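Take a look at the structure set out below.
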Amino acid sequence: MTVAPLSQDELDEIYAFAVDLGRKAGNLLMERVDQRISGANGDSNTFEEKENAVDIVTQTDEDVEVFIRGALESRYPTHKYVISLRQVAAKLTEFPRRFLGEEAYAKGQSRDYLIDEQPTWCIDPLDGKLAPPQTLPSPNYQYKRGNVHHKRHKVTPPNPGTVNYTHIFPMFCVSIGFIVQHKPIIGVIYAPFTNQLWSACSGRGAWLNETRRLPLIHNPIPPMPANAPSQCIFSCEWGKDRRDIPDGNMHRKIESFVNMAAEVGGRDGKGAMVHGMRSLGSATLDLAYVAMGSFDIWWEGGCWEWDIAAGAAILLEAGGLMTTANPPQDVDTAPIEDVRLGSRLYLAIRPAGPSATETGRETQERTAREVWRRVRTLDYSRPGA
Numbered sequence: 058m059t060v061a062p063l064s065q066d067e068l069d070e071i072y073a074f075a076v077d078l079g080r081k082a083g084n085l086l087m088e089r090v091d092q093r094i095s096g097a098n099g100d101s102n103t104f105e106e107k108e109n110a111v112d113i114v115t116q117t118d119e120d121v122e123v124f125i126r127g128a129l130e131s132r133y134p135t136h137k138y139v140i141s142l143r144q145v146a147a148k149l150t151e152f153p154r155r156f157l158g159e160e161a162y163a164k165g166q167s168r169d170y171l172i173d174e175q176p177t178w179c180i181d182p183l184d185g186k187l188a189p190p191q192t193l194p195s196p197n198y199q200y201k202r203g204n205v206h207h208k209r210h211k212v213t214p215p216n217p218g219t220v221n222y223t224h225i226f227p228m229f230c231v232s233i234g235f236i237v238q239h240k241p242i243i244g245v246i247y248a249p250f251t252n253q254l255w256s257a258c259s260g261r262g263a264w265l266n267e268t269r270r271l272p273l274i275h276n277p278i279p280p281m282p283a284n285a286p287s288q289c290i291f292s293c294e295w296g297k298d299r300r301d302i303p304d305g306n307m308h309r310k311i312e313s314f315v316n317m318a319a320e321v322g323g324r325d326g327k328g329a330m331v332h333g334m335r336s337l338g339s340a341t342l343d344l345a346y347v348a349m350g351s352f353d354i355w356w357e358g359g360c361w362e363w364d365i366a367a368g369a370a371i372l373l374e375a376g377g378l379m380t381t382a383n384p385p386q387d388v389d390t391a392p393i394e395d396v397r398l399g400s401r402l403y404l405a406i407r408p409a410g411p412s413a414t415e416t417g418r419e420t421q422e423r424t425a426r427e428v429w430r431r432v433r434t435l436d437y438s439r440p441g442a
């Protein structure tokens with residue numbers, strides 16, 4: 058089915074809507090934080106465990122999710138939605154005719170990658186520690202403009218960082234992404250506690266609080282260090298897969314973290330001695346900090362497309378590089394492929410300018426290859442991705 062390209066006016070309208078929606082949803086989060094701090098709602102610091110003790114959901118997750126879903130349905134009633142629900146069964150009755158594959162991402166069921174080439178909203182209610190999403194289409198989600206058929210999709214979970222939010226650690230946010238033909242072209246991330254809003258629209262630049270162009274240092278943009286990943290800030294996350302399996306993903310991550318931290322030449326030559334290791338507890342915010350240039354490298358496996366769609370849009374528009382976390386067979390010569398959103402394997406390099414001997418892109422690719430030399434292959438296989 059042929060899909061007509063969106064006009065710049067349409068993109069601008071979607072972008073403005075996403076920014077406004079992100080701010081409103083973030084303000085709702087802060088209202089709940091203020092109520093908890095003041096004790097207005099009594100003991101509201103309650104949550105439900107899902108897959109394990111770090112995969113949790115709060116009532117605020119669900120309330121923000123319902124708010125965002127309602128706004129999208131009101132503004133774009135013909136669009137299709139893919140939503141990461143906190144409590145699948147409890148919420149199905151609210152929009153009974155708009156759910157497609159209601160159990161597709163329930164625990165123990167298929168977790169196939171559901172996004173196709175059609176334009177897709179990808180919205181995160183609480184990042185990285187959530188069950189996968191449900192798909193919600195409008196009953197008449199296909200329509201025609203002229204002689205061309207159209208579909209719209211949304212992947213909707215609203216707030217990255219449920220664990221952070223529960224503990225009132227300020228690194229939580231609302232994340233809204235818009236994807237066309239698997240490419241994220243609009244991204245909005247709003248962290249209400251710190252009042253930081255990152256946003257980008259393809260061809261319009263990437264911004265912090267709509268006034269500071271990203272990356273923050275851009276006149277000129279510094280290249281990646283000649284000995285990267287040394288002299289870099291390396292961002293990583295533990296994720297929710299805490300199974301103590303010999304040579305499992307958690308152990309492979311730990312080995313990779315130690316390689317990046319160890320002295321140069323240590324660890325059988327894999328020691329990178331990065332300047333620092335950072336873990337914000339939110340893949341979405343990790344990417345926002347890479348787009349700013351505050352983090353140089355982000356390496357992660359196990360999160361989902363709703364965790365990274367908005368951040369990827371912002372990073373790529375800022376001039377960053379994003380590819381797979383897993384090293385190829387030939388690290389020296391393998392092409393640096395574009396990230397696959399549903400792969401659950403991500404490596405991001407900050408925006409970089411040219412050096413005396415390399416283009417900015419060359420410094421980024423060199424850094425990616427040096428990271429690959431030091432990290433283990435992770436196993437997050439997924440059908441359709």
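Just so you know, we're using the working numbering here: the sequence shown kicks off at 58 and counts up by one. Every residue, glycine too, gets a C-beta built ideally from N, C-alpha and C. Being a predicted model, the structure only gives us computed values, none of them experimental.
Between the CA atoms of residue j and residue i - distance to the nearest angstrom
| i | j | result |
| --- | --- | --- |
| Leu378 | Pro392 | 13 Å |
| Ser336 | Glu294 | 5 Å |
| Ser292 | Leu265 | 20 Å |
| Glu20 | Ala97 | Residue 20 lies beyond the range of the chain shown here (58 to 442); nothing can be said about it. |
| Pro280 | Arg261 | 23 Å |
| Val90 | Met228 | 13 Å |
| Cys360 | Ala340 | 7 Å |
| Gly376 | Gln253 | 20 Å |
| Thr213 | Tyr222 | At Thr213, the pLDDT of 41 sits below 50, so the modelled position is not reliable; the number obtained from the coordinates is stated separately. Distance between the alpha carbons of Thr213 and Tyr222 is about 18 Å. |
| Pro385 | Arg300 | 25 Å |
| Ala128 | Ser256 | 19 Å |
| Asp325 | Glu312 | 12 Å |
| Gly490 | His308 | Given a span of 58 to 442 for the chain in the structure shown, any question on residue 490 remains unanswerable. |
| Ala283 | Arg407 | 14 Å |
| Lys240 | Pro303 | 36 Å |
| Ala62 | Glu174 | Here residue 62 turns out to be Pro, not Ala, going by the sequence shown. The alpha-carbon atoms of Pro62 and Glu174 are separated by roughly 12 Å. |
| Ser130 | Tyr72 | The residue asked about is misnamed: residue 130 is Glu in this sequence, not Ser. Roughly 16 Å separates the two Cα atoms. |
| Thr268 | Pro411 | 25 Å |
| Val315 | Glu70 | 46 Å |
| Met334 | Asp298 | 20 Å |
| Glu122 | Pro249 | 16 Å |
| Asn443 | Arg439 | Given that the chain is displayed from residue 58 to residue 442, the structure contains no residue 443 and the question cannot be resolved. |
| Glu394 | Val321 | 28 Å |
| Glu419 | Gln288 | 17 Å |
| Gly296 | Gly323 | 26 Å |
| Tyr346 | Ile365 | 13 Å |
| Asn276 | Ser95 | 44 Å |
| Ile290 | Thr380 | 18 Å |
Residue i and residue j closer than 8 Å at C-beta
| i | j | result |
| --- | --- | --- |
| Ala367 | Val396 | no |
| Ala405 | Gly417 | no |
| Ser259 | Leu398 | no |
| Ile236 | Cys179 | yes |
| Val231 | Gly79 | yes |
| Gly358 | Arg401 | yes |
| Leu344 | Ile371 | yes |
| Trp356 | Ala382 | yes |
| Ala348 | Leu435 | no |
Those residues which DSSP pairs with residue i across a bridge
| i | result |
| --- | --- |
| Ser232 | Asp181 and Ile246 |
| Met334 | Phe291 |
| Gly262 | Cys258 |
| Ser270 | Looking at the sequence shown, residue 270 is not Ser but Arg. The partner list for Arg270 (beta bridge, DSSP) reads Trp264. |
| Leu378 | Ile406 |
| Glu357 | Tyr403 |
| Lys240 | Val237 |
| Gln253 | Ala248 |
Other residues of its chain near residue i: CB distance less than 8 Å, five sequence neighbours each side excluded
| i | result |
| --- | --- |
| Pro286 | Met317, Ala329, Val331, Asp353, Ile354, Thr424, Glu427, Val428 and Arg431 |
| Asp77 | none |
| Gly441 | Asp169, Tyr170, Leu171 and Gly399 |
| Gln65 | Gly260 |
| Tyr437 | Asn306, Gly358, Gly359, Ser400, Arg401 and Leu402 |
| Lys327 | Asn316, Ala319, Arg430 and Arg431 |
| Leu278 | Going by the sequence as given, residue 278 is Ile instead of Leu. Pro272, Gly350, Gly376, Pro408, Ala409, Gly410 and Gly417. |
Spatial neighbours of residue i in its chain, beta-carbon cut-off 6 Å, leaving aside the 5 residues before and after
| i | result |
| --- | --- |
| Thr251 | Pro227 |
| Thr117 | Arg89 |
| Glu374 | Ala257 and Ala263 |
Proximal residues to residue i (C-beta, below 7 Å), its chain only, five neighbours per side dropped
| i | result |
| --- | --- |
| Thr414 | none |
| Ile274 | Gly350 |
| Val388 | Arg426, Trp429 and Arg430 |
| Ala75 | Ile233, Phe235, Ile243 and Val245 |
| Tyr247 | Gly79, Arg80, Gly83, Cys230, Val231 and Leu254 |
| Arg433 | Arg309, Glu312 and Ser313 |
| Gln421 | Met281, Leu378, Ile406 and Ala409 |
| Asn109 | Low confidence applies to Asn109: its pLDDT is 43, below 50, so where it sits in the model is not reliable, and the reading given next is rough at best. Correct list, in chain order: Lys297 and Arg299. |
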